[in-house]
Every structure is written in C-alpha cells, then in structure tokens.
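Engineer:
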Amino acid sequence: MDRRHFLAGSAAALALAQTHAQSGSGLRPPISLDKLPPPSAGKGEPFVFGVETMMVENGFADYIRKAIARDVGLAVDIVSGPSVDLLDKLEAGTLAAALTNAPNREALLDKKGLIIGYRPVVVTTSVLLGPPKDPAGIKGMTNLAQAYARLVEMGTQTAAQVQTGQADGCGYVAQGENSGTRDLEAGLFKPAGAKASGAWLRTAPAGSLSAVKLASQWPVGGAYTLIEQSVLARAGKIPLKPVIDGIPTTYTVARSFRYTHPAANMLMGWLVTSTGKAAINGFKRGYHTPT
C-alpha cells in the first residue's frame, strides 16, 4: 500500500471514529457475541473489536479501549467472547478484528489466509493447579505434553477411585467454553485419543472461574485444572496448589480477510508502536509485550 492510500484509509477511519464518539456511545459495556451487529460499510459505522472473555473479566479490555481512545482518538466497541468463537467470526467475515488466545485455531486460519496481520501483542502465563498431594506426580515437570500424558494415564487408572470419591483418585476439570485455555487443553489431550474421557475428566460450565471452582469442589482433595494467572488472582482462597507454573500464554491480534474496516489497521498498527506497547505494559497484572 502506498502512502496516499494509507493516509486516505487512516483519514476515513478517524472520521468514522469521530462520528461514533460524537454519537454519545462513549465507552460502553462490552457487547455479547450473540448480539454482534452485522457488518456495514455505512458512514459512521462503529469499529467493533473482539476481545477474549478473560481479558474483559480481568479489566484489560476496558483499560486498552481507554488507551486507544486517548492515544489514537479511536472510539471502539468491545465484543466479548471465547477466543475460538471470536476467530469463527473473523473467518466468517462478521467481525473485523480480534484479540485472541487460541494458537491452534489461529495457526489454521493464518495458513488458509483467512486472517491478516496475525501477530503476538500480549504475553502472560498460565498455571496448572492440582491437589496438594499431587496424585499424578507431575509437580515441577517442564514438559507440559508429558505432564498431560501422565494425567491421562493416572486418570484412567484411578477412574474407579474417582467415582467413589477416594483420596488417591486423579481428576481433571477442563474449561467449559471455547477459550484459549480450552484450545490448549484440547491440543494436549489430543494424543490420548479415546483415553481422554471418563469419570476422571469433567467439563466446567461456561465462565473463566468455573473450572477452578469445580476442581476445588472435587471430592477428597480437589482435581487438576489449567487457568490463566490473571484469572487465578481473582479466585480467592482455594485448596488447590500450583503444580506447573510459568506456562507461556500469548494473545495475538488479527483482522478478517473477508471484512475490512478502515479502523482495524489503525488499531493493529498502534498496538505494536512504542506508545501501544507502553500502554500494554502499563496494565501490569502479569501482562507484557513480547520480547
């Protein structure tokens, strides 16, 4: 794209942003994914940015939206949803851009050319929690794939103990929505095939804290579960202990190949500028830009 086209696109995006800001919508609460407005090229169309639910619940989405309004003059409406669901909207062309954490799904869409500008912008960590007695014997393992293979092995072997609530049973609670954590879990359990099922493996209801709550309530000692560090900080006092921590977790931004909004390039460009990076790093709470 030459400089004239870039400036024309930027000017159009700014005009849209100013029109939207003047409409009085301001910094509104996040839109639910099932109420996502249809794509439109009409004048004054608001820019809707998809953000993973966990980032909405921990306050990052509202924080970064205010920074975008301050630094770019761009009014943004946030639509909240699990990463995989947001990526489905990008693929379908019903959402212009999104900030997600579902590496398996992202890589597939990028390979197919259905998302554009795919790049990492936020890095944090996740932690595998488990019962204090660590019945699977995986505490401190550095290979996550091997740890999950061990969980499957011990879960299958102790399924009867799990059903009867015995202390030496090994249980696991998976995320109940299509979040980035669930995407990671699915990849880790995939090699086990049919073995990754049974009474020892349960799925939590939707909600970022649902899995840790259900794992904490597991009969006799608790179960294992994977959770982002920022979510764990909001879990309060729980009986589970970190078994493997410091698990790299990366959020990426991308725009849809099928739906072009002039503001999408502005936002994505700002995220990787020194100003955008400073805003991301200023959030703290374990979030920072890639090194």
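By our numbering, the letter at position 261 of the sequence shown is numbered 261, and the numbering carries on one by one without gaps. Ideal placement from N, C-alpha and C gives every residue a C-beta, glycine not left out.
1. Give the secondary structure of tyrosine 224 by DSSP, where H, G and I count as helix, E and B as strand, and everything else as coil.
2. Drop a sphere of 10 angstroms on the beta-carbon of lysine 89, count the other beta-carbons inside from all chains shown, and report buried for 16 or more, exposed for fewer.
3. Does threonine 252 pass the burial test, meaning 16 or more other C-beta atoms within 10 Å, or should it be called exposed?
4. May I ask which residues mark the beginning and end of the beta strand (DSSP E) holding glycine 81?
5. Hey, tryptophan 218 and glycine 155 are a contact pair by Cβ (cut 8 Å); roughly how many whole angstroms apart?
6. Use the C-beta contact count for alanine 92: other C-beta atoms within 10 angstroms, 16 or more gives buried, fewer gives exposed.
7. What separation, rounded to the nearest whole angstrom, lies between the Cα atoms of glutamate 153 and arginine 202?
8. Using the Cα positions of glutamine 175 and phenylalanine 257, report the straight-line distance between them to the nearest angstrom.
9. Could you compute how far the alpha carbon of aspartate 110 sits from the alpha carbon of tyrosine 118?
10. Based on DSSP bridge pairs, tell me the residues matched to glycine 305.
11. On a CA-only basis, which of Ile280, His288, Gly286 is nearest isoleucine 68? Give me that one, please.
12. How big is the Cα-Cα spacing for asparagine 178 and histidine 261?
13. Flag leucine 114 as yes if its beta-carbon sits less than 8 Å from any beta-carbon of chain B, otherwise no.
14. Tell me whether arginine 150 sits in a helix, a strand or coil according to DSSP, three-state version.
15. Suppose you measure from the CA of alanine 206 to the CA of phenylalanine 60; what does that come to, to the nearest Å?
16. Would a C-beta distance cut-off of 8 Å place threonine 53 and serine 126 closer than the cut-off?
17. Note down the Cα distance separating glycine 193 from aspartate 85, rounded to an integer number of angstroms.
18. So the candidates are Leu74, Gly198, Glu57, Pro239; which of them puts its Cα closest to the Cα of tryptophan 270?
19. Would leucine 240 pass as a contact of alanine 97 if the rule is Cβ separation under 8 Å?
20. Locate the alpha helix (DSSP H) running through proline 262, then write down its first and last residues.
21. Rounding to the nearest angstrom, what Cα-Cα distance links glycine 222 and phenylalanine 47 in this structure?
Structural biologist: The short version:
1. Note: tyrosine 224 maps to strand in three-state DSSP.
2. Around the Cβ of lysine 89, a 10 Å sphere holds 16 or more other Cβ atoms; the residue is buried.
3. Buried, since its Cβ has 16 or more Cβ neighbours within 10 Å.
4. Run containing glycine 81: 76-81, per the beta strand (DSSP E) assignment.
5. Not quite, the Cβ-Cβ distance comes to about 12 Å (not below 8 Å), so this is no contact.
6. By the 10 Å Cβ count, alanine 92 comes out exposed.
7. Taking the straight line joining both Cα atoms gives about 15 Å.
8. Computed Cα separation, rounded: 29 Å.
9. Their Cα atoms are separated by approximately 7 Å.
10. Absent from the structure is residue 305, since the part of the chain shown begins at 1 and ends at 291.
11. Taking each of Ile280, His288, Gly286 in turn and checking the Cα distance to isoleucine 68, the smallest one comes out for Ile280.
12. Taking the straight line from one Cα to the other gives about 25 Å.
13. In the displayed structure, chain B is absent; only one protein chain is listed.
14. Residue state, collapsed to three classes: helix.
15. About 20 Å.
16. For threonine 53 and serine 126, no; Cβs fall outside 8 Å.
17. When only Cα atoms are considered, glycine 193 and aspartate 85 end up about 24 Å apart.
18. Nearest to tryptophan 270 by C-alpha distance, out of Leu74, Gly198, Glu57, Pro239, is Leu74.
19. No, the Cβ-Cβ distance between leucine 240 and alanine 97 is not below 8 Å.
20. It spans 262-271 - the alpha helix (DSSP H) in which proline 262 sits, taken as one unbroken run.
21. The alpha-carbon of glycine 222 is positioned some 43 Å away from that of phenylalanine 47.
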